[in-house]
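Just so you know, the protein sequences line up as chains A and B, in that order.
Taking the working numbering, the leading residue of the first sequence gets 20, the next gets one more, and so forth.
Taking the working numbering, the leading residue of the second sequence gets 30, the next gets one more, and so forth.
We put the beta carbon where it would ideally sit given N, CA and C, even for glycine.
All values derive from a computational prediction rather than experimental measurement.
To start, the structure under review is shown below, and the notes come after it.
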Amino acid sequence: MFEKYNPLDNNMLQVIDNDGKIINKEFFPNLSDDQIVKAYRDMLFARTADLMIVSYQRQGRIFTYPPNYGQEAIAGAIGANLKDDDWLVPAFREMGAYLAKGATLKELFLYFMGYEDGSLFKNAKNIFPMSVPIASQLTHAVGVAYELKYNKKDNVVLTVVGDGGTSEGDFHEALNIAGVWKGPVVFVVQNNQYGISTPVSVQTASKNIAVKSIAYGIKGIKVDGNDYFAMYKAINESITIAKKENMPVLIEALTYRKGAHTTSDDPTKYRTKEEEESWEEKDPLLRLKKYLISNKLFTEKEEEKLISQYKKEIDRQFIEAENYPKYPLDDVFKYLYEDMPADLLIQKNNHEKFLKWKENFVKN
Amino acid sequence: MKVMTIVNAVNDALDIKLGDDRNVIVYGEDVGVEGGVFRVTENLQKKYGVERVFDSPLAEDGIMGTAVGMAVAGLRPVVEMQFSGFAYPAFNQIISHASRMRNRSRGKYTTPIVVRMPYGGGINALEHHSESMEAIYGHIPGLKVVIPSTPHDAKGLMIAAIESNDTVIFMEPKRIYRAIKQEVSEDKFSIPIGKAKVLSKGSDVTVVAYGAMIREVQKAMIMAKNAGISVELIDLRTIYPIDRETIAESVKKTGRVITVVESPGSFSVASEISQIANEEAFVYLEAPPKRVTGFDTIVPLPKGEHHYIISPEKIFYEIERTVKF
Ligand SMILES: Cc1ncc(C[n+]2csc(CCOP(=O)(O)OP(=O)(O)O)c2C)c(N)n1
Chain A
20 MFEKYNPLDN NMLQVIDNDG KIINKEFFPN LSDDQIVKAY RDMLFARTAD
70 LMIVSYQRQG RIFTYPPNYG QEAIAGAIGA NLKDDDWLVP AFREMGAYLA
120 KGATLKELFL YFMGYEDGSL FKNAKNIFPM SVPIASQLTH AVGVAYELKY
170 NKKDNVVLTV VGDGGTSEGD FHEALNIAGV WKGPVVFVVQ NNQYGISTPV
220 SVQTASKNIA VKSIAYGIKG IKVDGNDYFA MYKAINESIT IAKKENMPVL
270 IEALTYRKGA HTTSDDPTKY RTKEEEESWE EKDPLLRLKK YLISNKLFTE
320 KEEEKLISQY KKEIDRQFIE AENYPKYPLD DVFKYLYEDM PADLLIQKNN
370 HEKFLKWKEN FVKN
Chain B
30 MKVMTIVNAV NDALDIKLGD DRNVIVYGED VGVEGGVFRV TENLQKKYGV
80 ERVFDSPLAE DGIMGTAVGM AVAGLRPVVE MQFSGFAYPA FNQIISHASR
130 MRNRSRGKYT TPIVVRMPYG GGINALEHHS ESMEAIYGHI PGLKVVIPST
180 PHDAKGLMIA AIESNDTVIF MEPKRIYRAI KQEVSEDKFS IPIGKAKVLS
230 KGSDVTVVAY GAMIREVQKA MIMAKNAGIS VELIDLRTIY PIDRETIAES
280 VKKTGRVITV VESPGSFSVA SEISQIANEE AFVYLEAPPK RVTGFDTIVP
330 LPKGEHHYII SPEKIFYEIE RTVKF
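Have a look at this one:
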């Protein structure tokens, strides 16, 4: 696969076309029909949740949120490939992957409502919290890979960054160190064409992003990020060689951010309607659904039913998050150190004294 | 005169300096086409072209390092760090080069750079979008650090910053970016860096603040007035070089000083003001200098931020305690 899709040739791994027809049998992944249907359902769940979060935000029930809309196949394929003991080191636009790792939607809601508790991912194993400073998470993944190799574990670490993130020094340091140290690490770049308003052409003069792997002595491949099968296959093979040969891999997943950068962004400022429309037929869910329907694995009716079922489930978790207990003062202080420094304790006690005073003051 | 917010005022200052000095170059993440995520650079690319106002790759250290190169070569870059919480990759260039080049080259080379960054809490933001890290910059020899609290000051200080031959960290209090509207002259004017301003005269206690805290202090002053306490309010405006004289003069008069900052208290600007009061007005002091600050903790996410944010009540509480000491 890596020979055939040498990034220097600018070829892109694609398995199905926009009509969901297989155009590349050789690289069709080894997935059962049930697995494929499950993949679609998971992506549909993530999309339904994503769209609902945007509308919760508009209702003022949640703060700033970065939509995943249009990029669901990447997170879906990551999630389907990672085992419990594999590590995920995320950015912040991979909902499907967090959910597959065992994070709950309620936790994501809590996070975007403004509770650190939402970063806990209580029942998810081996997942880092989301990382807001762009690209800073990538070297963490290289460190995790060192541990996996050091302790001869049969696992992989996968980390995610956006196209904008490839401009940061951290991206280059991570790839370089990974190339020198070697280890089971897979870097996935979600190339959704924009970093906020800035197009990828302003980020790099390289002919693609995958090509950057070559200079660092690691493997790289450019993949159609809106093609679930291609993404699944690429991640799956990458994990295999990352583990077997301790060979880091850079995957460029070409996609399009159909939504705004975040709920506070207005894309009409920097991109055209025509451009947005040109990506409609490449939509990852649409393409996978066409495959499923033509193979009689799924129907529109089922989709309708699923969506209404998902909406109820999503709303249930959202309301649970809305009814989360108030944020206690202790939580501001207690997680910073193993033992709270005396000085911090004094600050907290003084503040509590003030709060008592305030109660009286407000009454009078 | 024209009614302006801080956003408009900084934009106006940039517009004026782009217009009168072709060495001024404005760049950073999303500042060109979009005009910045807070719209501070709106329309400037349209007016001055992509060679002078442009989007950079997403690389803060690269933005800062290229600014050092441009500045040494004779340009006057005004760069934006999209949020102060994302300026840390640029620290290497700020600390290792921008602040040291003049000294290193014994004055042969200068770095007339303005580093703009929105900072501060109270806007219900995600992690890293709420911190107030001015003390870190104040601690670096060779930097000037400016924080305006009004549209008028924002404009005048920005023009002074661009005209300064030293690197200026220009921190914009985003909580009041659009909250304060004020008549501001459309002409070119500048406000000297390094000069604090006495906003209200008073006799019982001096309160020093800057940025978004000014408004909070003014709310507390209404409570103080009701309690019969007369407050002298100083807007510091420049963190460094710090205006010792104005602080000392006021503290000598009132005998008491409180500094209100939204950053953690330890090693903060408030600590510095307290020490200046000790050094310059020790025999006049009738109460220990007081710091009203954020906790020495991470700023909580929105649901916990009310615990952290400094309320007018808290400021009044400390004013009263200091006066009754
Ligand atoms: C170090 C850093 N600089 C700036 C920002 C502000 N910011 C948040 S998202 C973003 C664009 C990121 O673009 P990209 O890496 O392509 O990811 P995408 O948002 O498209 O998923 C920027 C500039 C940040 N979070 N971190």
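Its chain contains Q336, E339, A340 as the residues whose beta carbon lies nearer than 6 Å to that of A:K125, once the 5 sequence neighbours on both sides are disregarded; these appear in chain order. Residue pairing by DSSP leaves A:F128 without any beta bridge partner.
As a beta-bridge residue in DSSP terms, B:E212 pairs with B:V32. Residue nearest to B:N194 within the set B:T139, B:E301, B:I92 is B:T139 (criterion: CA-CA distance). Looking from the CA of B:M252, the closest CA among B:N72, B:E163, B:R51, B:S340 belongs to B:S340. DSSP places A:A272 in the strand class (E or B) of the three-state scheme. According to the DSSP secondary-structure assignment, B:L262 is paired through a beta bridge with B:S229, B:V236.
Restricted to the segment 82 to 153 of chain B, the beta strand (DSSP E) segments that are unbroken, complete and at least 3 residues in length are 82 to 84, 105 to 109, 143 to 148, listed in chain order. As the crow flies, the alpha-carbon of A:V56 is around 7 Å from that of A:L311. Taking 9 Å as the cut-off between beta carbons, the residues of the segment 35 to 68 of chain B near chain A are E58, D59, G61, V62, E63, G64, V66, in sequence order. Look at the beta carbons and you see the segment 344 to 362 of chain A not touching the segment 300 to 320 of chain B: under three pairs across the two are nearer than 8 Å. Across the set B:F296, B:V312, B:D325, B:I348, the C-alpha of B:I348 shows the shortest separation from the C-alpha of B:V286. For the pair A:V219 and A:E357, the Cα-to-Cα distance works out to about 43 Å.
At a Cβ-Cβ threshold of 9 Å, A:I326 and A:T67 count as neighbours. A direct Cα-to-Cα measurement between A:F373 and B:K353 gives close to 16 Å. Three or more Cβ pairs drawn from the segment 101 to 119 of chain A and the segment 58 to 74 of chain A lie within less than 8 Å of each other, which places the two stretches in contact. Close CB contacts of B:E309 within its chain, under the 8 Å cut and outside five residues either way in sequence, are with R273, I276, A277, V280, K281 (chain order).
Taking 9 Å as the cut-off, the beta carbon of A:R290 is found no closer than this to the beta carbon of A:N245. If you check each beta-carbon in the segment 133 to 164 of chain B against every beta-carbon of chain A, the ones closer than 9 Å belong to N153, A154, L155, E156, H157, H158.
Remark: the shortest separation between the CB of B:I123 and any heavy atom of ligand 1 does not fall under 8 Å. Of all residues in the segment 306 to 329 of chain B, the ones placed with a Cβ closer than 8 Å to any Cβ belonging to chain A are F324, D325, T326, I327, P329, in chain order. Per DSSP, the unbroken beta strand (DSSP E) holding B:K173 starts and ends at 173 to 175. For B:H336, the nearest CB of chain A lies under 9 Å from its own CB, placing it at the interface with that chain. CA-to-CA, the gap between A:A253 and A:H191 works out to about 22 Å.
Ligand 1 never approaches A:Q156 closely enough for any of its heavy atoms to be under 8 Å from the residue's Cβ. Closer than 9 Å to the CB of B:P106 there is not a single CB belonging to chain A. The Cβ neighbour count for B:N40, taken over all protein chains shown within 10 Å, is at least 16; the residue is labelled buried. Annotation: the continuous alpha helix (DSSP H) that includes A:S220 extends over 219 to 222. The residue from A:F21, A:K309, A:A272 with its alpha-carbon nearest to that of A:V207 is A:A272.
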